[in-house]
Amino acid sequence: MNLLRLTIIDTQGGISFVAPGEALPALLKACATDPPATGELIARAEQFYSGLRERIDNGLAMFDERNTPGHYDAIHTALEHARPDESPLFRIVDEVTREASQRPVKAGAVVFNLRDRRIITLQNGYQEITRAGYGEVFDGERMTGARFTYRLPRSWALVP
Numbered sequence: 001m002n003l004l005r006l007t008i009i010d011t012q013g014g015i016s017f018v019a020p021g022e023a024l025p026a027l028l029k030a031c032a033t034d035p036p037a038t039g040e041l042i043a044r045a046e047q048f049y050s051g052l053r054e055r056i057d058n059g060l061a062m063f064d065e066r067n068t069p070g071h072y073d074a075i076h077t078a079l080e081h082a083r084p085d086e087s088p089l090f091r092i093v094d095e096v097t098r099e100a101s102q103r104p105v106k107a108g109a110v111v112f113n114l115r116d117r118r119i120i121t122l123q124n125g126y127q128e129i130t131r132a133g134y135g136e137v138f139d140g141e142r143m144t145g146a147r148f149t150y151r152l153p154r155s156w157a158l159v160p
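Okay, so the sequence shown: first residue is 1 according to the numbering used here, each after it adds one.
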């Protein structure tokens, strides 16, 4: 499976999670609408990659149940013992989680910085990120064969 580490940064902080590479074009399409925050990015990507929003919401709820401000032993332990491609979704709260958010998994790692409108490719063996492209709709169970296109505005920087 083409798994990527995807990290999203906005004015409130950052989250990081592992997802199939097929979610990447949906997130690029959502970036083209200039979402101001992570929740809006995910909501806008949802119509092209169904189930992503629920997965992220559930992951954040689990993170928040197990970790409290200043007490991040649960996520530190999970990150230490899980294979990178099996690591849980997490908030970036300290240096340990910041480093983990930049650690590629099988197909690589990409950072979506909504605050600065930058998409940073740390490593990407799945698909080159370009200013314009296309993806295939995922209905929550399978790729449907229906295609969509995206075009990132010039206000977005692509950082290789």
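Glycine is no exception: its CB is placed at the ideal position from the N, C-alpha and C atoms.
Item                                                                                                                                    : Value
Tell me whether G135 sits in a helix, a strand or coil according to DSSP, three-state version.                                          : strand
Using a C-beta cutoff of 7 Å, does E95 count as contacting chain C?                                                                     : Of the protein chains in the structure, only one exists, and it is not chain C.
Assuming the contact rule is C-beta atoms closer than 8 Å, L4 and Y126 should be a hit. Round their C-beta distance to whole Å, please. : 6 Å
Starting from the Cα of M143, find the closest Cα among Q47, P84, D57, I8 and give me that residue.                                     : Q47
I'd like to know whether the C-beta atoms of A74 and N67 end up nearer to each other than 7 Å.                                          : yes
Measuring CB to CB, does A23 end up less than 7 Å from L52?                                                                             : yes
Is T97 near V110, with beta carbons less than 7 Å apart?                                                                                : no
On the DSSP bridge list, what partners appear for M143?                                                                                 : F138
So what does DSSP say about D73, is it helix, strand or coil?                                                                           : helix
Check whether the Cβ atoms of F17 and L89 lie closer than 7 Å to each other.                                                            : yes
In three-state terms, what does DSSP make of N124?                                                                                      : strand
Would you report the Cα separation of G145 and D57, rounded to the nearest angstrom?                                                    : 27 Å
For the candidate residues R103, Q123, F63, I8, whose alpha-carbon lies nearest to that of A45?                                         : I8
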